Structure formats: structure tokens, C-alpha cells
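Colleague: Quick one: this structure, given as C-alpha cells, is what I'll be asking you about.
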Amino acid sequence: MKEITLSPELTKEITSIYQTLQEEYDKVAGEIGLTCKGCPDNCCDSYFLHHTYSEWAYLWQGLNLLDQETREQIINRAKEYIAQSAEPLAQGKHPQLMCPLNDNGLCGLYEHRMLICRTHGTPATMTTPDKQFIRFPGCFRCQEIVEKKYGAANDAPAMNRSQILSQLASVESRLFERKRHLYPKVKKNIAEMIVQGPPTVPLPHCER
Ligand code: SF4
Ligand code: SF4
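Just so we're aligned, residue 323 is where the sequence shown starts under my numbering, counting upward by one.
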């Protein structure tokens, strides 16, 4: 197996994508008047699957910056998460378990958190590769504000996720020198990405 690591250029690019995303999120949240301050919920128990080696490698860049003890605590929480999620997943349900990176209500890897964590909250739109337009209403708190302030959900401002996803897809493609289609798909929750370690792929035939 070969470990997948991000070059300094691709690392810089992901950081920049996340930065732009943050600015757009702040703009839309500001217009709507959405803030997480004082929210009775904590979205870090939402169940998400992640699909890129790039984000997986970026996550591990962050984990490797932590001291060993903290990293081991996170890995142990991730193992616990996997054990506890087995039953609901076997029943076809999404587990509602706190993310192993969450430490006392705060993200323990904020600068390296996943894209979905950065978009959750505000309304968003995207066009799928087969040209279907999708609109996400935002979190429950956002929906409450939108209903009072705008009436029709579609009148509220929304982030456009398509451009961001296409930029991330471009990073993913270049990570594999435009041969991404030759490697296995990724479909993992955050705990699996932590317990399995930095991303690896089978060696190409010519390197075996
Ligand atoms: S994103 Fe929404 S639900 Fe989640 S903490 Fe913020 S306000 Fe609350
Ligand atoms: S990575 Fe951070 S922000 Fe995302 S769910 Fe986990 S603790 Fe929350």
C-alpha cells in the first residue's frame, strides 16, 4: 500500500478553498442573522460520510500536529465511535454520536475539519453532475430564522456549494495525477478516517 500525502501546493490550495468557504459562510450567515452562539444543539453528533482522499490526508496533517497523548485520546474515542455505531448502521439508521474530534463541545481540529462541517448551518445550493438543482434549507435554527424573516425559504440567501466542490474535485484529481478513476472510491465517516490512519491506496502494478 502507498500512503497518500498532499504536496505543499495542494495543501495550500485546500487551505485557500476552506478560507473562501469560510468567507462565504460568514457572509450568508451574517445576512440571515444565524450564529451558533447559545445554540441548544451541537451539530457535531450529525452523521456524515466523506468522499475524498484529499480531505482525509488534510485531516491527518492536522492530527499529526497534535501531541501524541491528545492524538491517542482521539483515536480511542474514534474506536469507541465505531463500536457504538455498528448497531444503528446495521439497522440502516444514522448513528447520533458525538464526533471523536469534539472535545468538551469544541472541535479539537478546527483548522483541519472537514468541508461538510464548514458548510453545515446556512442554506446552500448545488447542481449535481446530472444537472439537478438541489437546495439545502440549513440547520433547524437557520430554518426557524428564515421562516420568520423571509417567509419563503427560497428567498433567503444561500451558499453555492457547486464551485467549492468542483475546486476540491480538481485537487483530488491532481493528487492522483489525473488518474483518480484508477483508485478505490472513498466513503468513510470521520471515525473510520481516524482509526485507519492516513489514507493509503494499493500500489500501481508497475510499482509492486
Ligand atoms: S449550525 Fe445550526 S444547529 Fe449547528 S450549532 Fe450552529 S446554529 Fe446550532
Ligand atoms: S470535525 Fe470538528 S466540527 Fe466536524 S463534526 Fe468533528 S468536532 Fe465537529
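Glycine included, each C-beta is placed from N, C-alpha and C at the ideal position. Treat the numbers as computed from the prediction; the structure is a model and nothing was measured.
Which residue comes first and which comes last in the alpha helix (DSSP H) that contains A446?
Modeller: Along the sequence shown, one-based indexing puts residue 446 at 124. Not the alpha helix (DSSP H): A446 falls in the beta strand (DSSP E), residues A446 to T449.
Colleague: Taking any heavy atom of ligand 2 as the mark, which residues have a C-beta closer than 5 Å to it, listed down the chain?
Modeller: C366, C421, L423, N424, C429, R435 and C439
Colleague: DSSP three-state call for H373: helix, strand or coil?
Modeller: Along the sequence shown, one-based indexing puts residue 373 at 51. Of the three classes helix, strand and coil, the one that applies to H373 here is coil, per DSSP.
Colleague: Bridge partners for N482 per DSSP, in chain order?
Modeller: Here residue 482 is taken as the residue at index 160 of the sequence shown, counted from 1. Its beta-bridge partners are T447.
Colleague: Going along the chain, which residues of its own chain have a beta-carbon closer than 8 Å to the beta-carbon of M436, five neighbours each way excluded?
Modeller: Here the question's residue 436 lines up with position 114 in the sequence shown. Excluding positions up to five away in sequence, the list reads F370, H372, E377, L381 and I512.
Colleague: Report whether the distance from the Cβ of L356 to the nearest heavy atom of ligand 1 is below 7 Å.
Modeller: Position 34 of the sequence shown, counted from the start, is the residue given in the question as residue 356. The answer is yes for L356.
Colleague: Out of curiosity, what's the CA-to-CA distance linking I467 and L431?
Modeller: Within the sequence shown, residue 467 is the residue found at index 145, counting from 1. Within the sequence shown, residue 431 is the residue found at index 109, counting from 1. Taking the straight line from one Cα to the other gives about 29 Å.
Colleague: Over what stretch of residues does the beta strand (DSSP E) that includes F458 continue unbroken?
Modeller: In the sequence shown, the residue the question calls residue 458 occupies position 136. Unbroken beta strand (DSSP E) run through F458: F455 to F458.
Colleague: Using CA coordinates, which residue listed in L490, F498, I486 and R440 is at the minimum distance from C531?
Modeller: Here the chain comprises residues numbered 323 to 530, so residue 531 is not present and cannot be evaluated.
Colleague: Measure the alpha-carbon distance for P417 versus S484 and round it to whole angstroms.
Modeller: The residue labelled residue 417 in the question sits at position 95 within the sequence shown. The residue labelled residue 484 in the question sits at position 162 within the sequence shown. Distance from the CA of P417 to the CA of S484, rounded to the nearest whole angstrom, comes to 27 Å.
Colleague: I want to check one thing, is the minimum distance from the CB of D540 to the heavy atoms of ligand 1 below 7 Å?
Modeller: The shown model of the chain, from 323 to 530, leaves out residue 540, and the question about it has no answer.
Colleague: Assuming C421 contacts I354 (C-beta within less than 8 Å), just tell me the rounded distance between them.
Modeller: Locating residue 421 in the sequence shown gives position 99, where the first residue counts as 1. Locating residue 354 in the sequence shown gives position 32, where the first residue counts as 1. Not confirmed; about 25 Å, so no contact.
Colleague: Let me know if M482 comes out buried or exposed under the rule of 16 or more other beta-carbons within 10 Å of its beta-carbon.
Modeller: For this step, residue 482 is matched to residue 160 along the sequence shown. First, the amino acid is wrong: residue 482 is Asn here, not Met. Under this definition N482 is an exposed residue.
Colleague: Do P520 and E335 have their beta-carbon atoms positioned less than 8 Å apart in this structure?
Modeller: For the purposes of this step, residue 335 is taken as the residue at position 13 of the sequence shown. For the purposes of this step, residue 520 is taken as the residue at position 198 of the sequence shown. Contact flag unset, no.
Colleague: Just to confirm my understanding: we take K471, look at its own chain, exclude 5 residues before and 5 after, and list those with CB closer than 8 Å. What are they?
Modeller: As a working note, residue 471 is residue 149 in the sequence shown. When the five nearest sequence neighbours on each side are left out, the beta carbons in the same chain lying within less than 8 Å of the beta carbon of K471 are those of I354, G355 and A478, in order along the chain.
Colleague: Between which residues of its own chain and Q489 is the CB-CB distance below 7 Å, once the five residues before and five after are set aside?
Modeller: Here residue 489 refers to the residue found at position 167 of the sequence shown. Contacts found: I339.
Colleague: How should G460 be labelled, buried or exposed, when 16 other C-beta atoms within 10 angstroms of its C-beta is the threshold for buried?
Modeller: Position 138 of the sequence shown, counted from the first residue, corresponds to residue 460. Around the C-beta of G460, 16 or more other C-beta atoms lie within 10 Å, and the residue is accordingly described as buried.
Colleague: Helix, strand or coil for D477, going by three-state DSSP, please let me know.
Modeller: Here residue 477 refers to the residue found at position 155 when the sequence shown is read from its first residue. If DSSP states are grouped into helix, strand and coil, D477 belongs with the helices.
Colleague: Please go through the stretch 323 to 378 and give each complete beta strand (DSSP E) segment of 3 or more residues, from N-terminal end onward.
Modeller: none
Colleague: Let me check you understand the geometry: is the CB of G443 closer than 7 Å to at least one non-hydrogen atom of ligand 1?
Modeller: Here residue 443 refers to the residue found at position 121 of the sequence shown. Result yes, Cβ under 7 Å from ligand 1.
Colleague: Relative to the C-alpha of M448, which residue among F462, A480 and Q395 is closest?
Modeller: What you label residue 448 is simply residue 126 of the sequence shown in a count that begins at 1. Out of F462, A480 and Q395, the CA that lies nearest to the CA of M448 is found in A480.
Colleague: Return the chain-ordered list of same chain residues with a C-beta closer than 8 Å to the C-beta of E402, the five sequence neighbours on each side being excluded.
Modeller: Locating residue 402 in the sequence shown gives position 80, counting from the first residue. Correct list, in chain order: P422.
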